[in-house]
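In the working numbering, the protein residues as written are 98 to 711.
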Ligand SMILES: Cc1cc2nc3c(=O)[nH]c(=O)nc-3n(C[C@H](O)[C@H](O)[C@H](O)COP(=O)(O)OP(=O)(O)OC[C@H]3O[C@@H](n4cnc5c(N)ncnc54)[C@H](O)[C@@H]3O)c2cc1C
């Protein structure tokens, strides 16, 4: 604290000197005294359990900003060539791309969380002396062959060779053990809570017979799966595709396949963890590519299309998901923070957080720091970025600034932006969702039931699934059911009476109001429901729970049935929103309106080209 006061007072008297030398390294001016932002050696957020993701302490400042609290630019405390707001994959990639072109640059990355990576979040648990690594958000490098050249090059630059996952990911393990998909039917719709296993793996007749569906619904479900029927007869393929792109899957099942309401309800929440809306809003055409877990019925003989995931399996997964991408980016920016040199050794290497924000370092990553204001200086030669850290506002000066944070937050930070651009940025309503990780000492109950994934037709958590079987470097997946496991459960706030982005706004509010005890209660209740028959007891068989709450989760999904058609790319709100403004450029996956790592990297590449262009 004494250091804080001294530094502050000193700065007030040195503004002129700093202003005269915009790029003078801070350490040259002030020596190597300990920074007030330095992190102690015991700091290790991945091991924290409880309410994580957008944890308490991370979001309040920005919400106060949105509610009207102002932090005008203060005295300049530091100077940088580039300040990046947002330390997710996009922000870290921006720092990486910029450094590649300008190795002497001084870069500051600000993030409001206590960990870097944004959605790419690592969760760790210790069970019986063994470290279990889990993904708290961004899960996999999905379809890397489809990544842009810039994104592919970045993965290569930081040492990721996606082909190696064919060796590390055991694609046959669960099949060989006879574990498949199961459905937990809910009492309100089906009169009883009942788990039925073997969805997609047993003959449909056998599976359907065990369900608690009415006789009519059973017959309809069986027909939808087994009849080789074209439900759009007389239409050309183009006409079918046009129709299926405009109507929801629920409408298609109801109006063309003509199945009973109970079948419609069975699928209503099926894609909730992916699209985060009910099937009454997902265009029917997308179901063609959605073959996971036994698939969904009614379209197979109506029209054939290539799957959305193309030909690549969904295996490009580090144990902590794309948190490894973020960690490898940090290694490339601050090598001493993550010991080792390969993608394999990074998995178990302990990240030294005390190295992230070192006095005099070329790249600094400052956590727990929420940017609240980014304004051009009076002479337009710099951007003054004000951020709040430990309740105190600080201002730094940047030659260039990249906003790699949630795009809808940018209008509150960059108030000088034109109104049309602000409207474009605000269009990106983030999608709320929760990834809860449940550490258990063994997974015998799943093995006994023959289930790897349970889909709940209508419950708080939409699913529980076993972890991806990936062993990499010295990290061994516990392939024996007697070994510990990190279960994955997904919750998406759902309001069946609200459609469109409004439901995501409502969901965000509800997530922030939901206490940990509610998430925990549903973990116990739903695991008992699914697994108690195989001897699981939530009262004693849970070691730890981490709730990764993402009130601002996926980027806006522009694929739903409500999205208007735009005459050109330039008319799209997110394209209008991401235009450069003076010395400020805009990144984040939001800028591509695509919730994926490819977009996060590609948009940062574009933003860096913009800031390098003069
Ligand atoms: C639960 C979940 C699962 C996902 N799974 C996948 C997947 O399997 N594959 C895939 O490709 N994509 C997945 N995604 C999409 C994911 O969003 C992107 O892949 C990518 O991680 C986004 O990176 P980003 O840097 O653009 O955004 P973010 O990760 O959101 O990072 C932006 C950072 O900026 C910070 N920030 C915001 N405001 C401020 C401020 N005022 N000051 C300072 N910092 C601020 C944010 O808190 C955040 O840390 C998933 C997303 C979620 C939420």
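Even glycine gets a Cβ: it sits at the ideal position worked out from N, Cα and C. All values reported here derive from a predicted model rather than from experimental measurement.
Could you check where the beta strand (DSSP E) with residue 180 kicks off and where it finishes?
-> Residue mapping note: residue 180 aligns to position 83 of the chain shown, counting from 1. 173–182 is the extent of the beta strand (DSSP E) around residue 180.
Report the three-state DSSP secondary structure of residue 413 (helix, strand or coil).
-> Counted from its first residue, the chain shown places residue 413 at position 316. The answer is coil: DSSP assigns residue 413 none of H, G, I, E or B.
Keeping to the same chain, check which residues put their C-beta closer than 7 Å to that of residue 613; ignore five residues upstream and five downstream.
-> Residue 613 sits at position 516 when you count from the first residue of the chain shown. Taken in chain order, the residues that qualify are 147, 148, 644.
Report the three-state DSSP secondary structure of residue 518 (helix, strand or coil).
-> Along the chain shown, read from residue 1 onward, the residue named residue 518 stands at position 421. Helix at residue 518.
Straight-line Cα distance separating residue 164 from residue 700 | Locating residue 700 in the chain shown gives position 603, counting from the first residue. Locating residue 164 in the chain shown gives position 67, counting from the first residue. Distance between residue 700 and residue 164, taken at the CA atoms: about 29 Å.
Is there contact between the region 535–548 and the region 575–583, where contact requires at least three CB pairs shorter than 8 Å?
-> yes
Closest by CA to residue 635, which one among 642, 625, 332?
-> Against the chain shown, residue 635 aligns to sequence position 538. It is 625 whose Cα lies nearest to the Cα of residue 635.
Contact under 8 Å by Cβ, residue 314 with residue 259 | On the chain shown, position 217 is the one that residue 314 refers to. On the chain shown, position 162 is the one that residue 259 refers to. For residue 314 and residue 259, no; Cβs fall outside 8 Å.
Can you give the beta carbon distance from residue 646 to residue 531, rounded, assuming they're within the 8 Å contact cut?
-> Locating residue 646 in the chain shown gives position 549, counting from the first residue. Locating residue 531 in the chain shown gives position 434, counting from the first residue. Between residue 531 and residue 646 the Cβ distance is about 5 Å, and since that is below 8 Å, they are a contact.
DSSP on residue 540, reduced to helix/strand/coil?
-> As a working note, residue 540 is residue 443 in the chain shown. Here residue 540 sits in coil by DSSP.
Are residue 292 and residue 561 close, meaning C-beta to C-beta below 8 Å?
-> The residue given as residue 292 occupies position 195 in the chain shown. The residue given as residue 561 occupies position 464 in the chain shown. No, Cβ-Cβ distance for residue 292 and residue 561 is not below 8 Å.
Taking contact to mean at least 3 C-beta pairs separated by less than 8 Å, is the region 677–690 in contact with the region 199–209?
-> no
Beta-carbon proximity list for residue 708, same chain, < 6 Å, skipping 5 on both sides = To locate residue 708, count along the chain shown from 1; it is residue 611. 497, 682.
How big is the Cα-Cα spacing for residue 455 and residue 517?
-> Here the question's residue 455 lines up with position 358 in the chain shown. Here the question's residue 517 lines up with position 420 in the chain shown. Approximately 39 Å between the Cα atoms of the pair.
Leaving out five residues on either side along the sequence, give the residues of the same chain with a beta carbon under 7 Å from the beta carbon of residue 345.
-> Within the chain shown, the letter at position 248 stands for residue 345. Excluding positions up to five away in sequence, the list reads 376, 377, 378, 379, 380, 381, 658.
Report, in whole angstroms, the separation of the C-beta atoms of residue 648 and residue 675, which I expect to be a contact under 8 Å.
-> For the purposes of this step, residue 648 is taken as the residue at position 551 of the chain shown. For the purposes of this step, residue 675 is taken as the residue at position 578 of the chain shown. With 8 Å as the limit, residue 648 and residue 675 do not qualify as a contact, their Cβ atoms being about 22 Å apart.
Which partner residues does residue 560 have in the DSSP bridge list?
-> Position 463 of the chain shown, counted from the first residue, corresponds to residue 560. Beta-bridge pairing by DSSP links residue 560 to 552, 587.
If you pair each beta-carbon of the region 320–333 with each one of the region 246–266, do three or more pairs fall below 8 Å?
-> No: the two stretches stay apart, fewer than three of their Cβ pairs being nearer than 8 Å.
Output the distance between the C-alpha atoms of residue 526 and residue 668, rounded to the nearest integer angstrom.
-> Position 429 of the chain shown, counted from the start, is the residue given in the question as residue 526. Position 571 of the chain shown, counted from the start, is the residue given in the question as residue 668. So the two alpha carbons sit approximately 17 Å from each other.
Taking 7 Å as the line, does the beta carbon of residue 179 fall inside it for any heavy atom of ligand 1?
-> Indexing the chain shown from 1 puts residue 179 at position 82. Checking every heavy atom of ligand 1 against the Cβ of residue 179, none is found closer than 7 Å.
If we ignore side chains and look at the alpha-carbon of each, how far apart do residue 269 and residue 470 end up?
-> Taking the chain shown and counting its residues from 1, the one referred to as residue 269 is at position 172. Taking the chain shown and counting its residues from 1, the one referred to as residue 470 is at position 373. Roughly 51 Å between the two C-alpha positions.
How is residue 651 classed by DSSP in three states: helix, strand or coil?
-> To locate residue 651, count along the chain shown from 1; it is residue 554. Three-state DSSP puts residue 651 in a strand.
Same chain, Cβ closer than 6 Å to residue 461, five either side skipped, listed in chain order = Taking the chain shown and counting its residues from 1, the one referred to as residue 461 is at position 364. The residues are 205, 454.
Taking the alpha helix (DSSP H) that residue 712 falls in, what are its first and last residues?
-> Summary: the structure shown does not reach residue 712, with the chain confined to residues 98 through 711, and so no result is reported for it.
Determine the burial state of residue 548: buried for a count of at least 16 other Cβ atoms within 10 Å of its Cβ, exposed for fewer.
-> Here residue 548 corresponds to residue number 451 of the chain shown, with the count starting at 1. Residue 548 is buried by the Cβ-count criterion.
Between residue 187 and residue 451, what straight-line distance do the alpha-carbon atoms span, to the nearest angstrom?
-> If you number the chain shown from 1, residue 187 lands on position 90. If you number the chain shown from 1, residue 451 lands on position 354. When rounded, the distance between both Cα atoms is 22 Å.
Exposed or buried, residue 663, counting other C-beta atoms within 10 Å across all chains shown (16 or more means buried)?
-> Residue numbering aside, residue 663 sits at position 566 when the chain shown is read from its first letter. Exposed, since its Cβ has fewer than 16 Cβ neighbours within 10 Å.
Taking C-beta to C-beta, are residue 134 and residue 486 nearer than 8 Å?
-> One-based indexing of the chain shown puts residue 134 at position 37. One-based indexing of the chain shown puts residue 486 at position 389. Cβ atoms of residue 134 and residue 486: closer than 8 Å.
Beta carbon of residue 601 nearer than 8 Å to that of residue 670 | In the chain shown, counting from the first residue as 1, residue 601 sits at position 504. In the chain shown, counting from the first residue as 1, residue 670 sits at position 573. With respect to residue 670, residue 601 sits apart: the two C-beta atoms are not nearer than 8 Å.
Ordered list of alpha helix (DSSP H) runs contained in the region 229–255, each at least 4 residues = 246–254
Report buried or exposed for residue 398, applying the criterion of at least 16 other Cβ atoms within 10 angstroms of its Cβ.
-> The sequence position of residue 398 within the chain shown is 301, counting from 1. Exposed: under 16 other Cβ atoms inside 10 Å.
Start and end residues, alpha helix (DSSP H) containing residue 703 = In the chain shown, counting from the first residue as 1, residue 703 sits at position 606. Start and end: 694–709.
Extent of the continuous beta strand (DSSP E) to which residue 282 belongs = Numbered from 1 along the chain shown, position 185 holds the residue referred to as residue 282. Element bounds for residue 282: 277–282.
So what does DSSP say about residue 633, is it helix, strand or coil?
-> Position 536 of the chain shown holds residue 633. Three-state DSSP puts residue 633 in coil, outside helix and strand.
Same chain, Cβ closer than 6 Å to residue 347, neighbours up to 5 away in sequence not counted | Position 250 of the chain shown, counting from 1, holds the residue named residue 347. Cβ within range, chain order: 361, 376, 377.
Does the Cβ of residue 592 have 16 or more other Cβ atoms within 10 Å, making it buried, or fewer, making it exposed?
-> In the chain shown, counting from the first residue as 1, residue 592 sits at position 495. Flag for residue 592 reads exposed.
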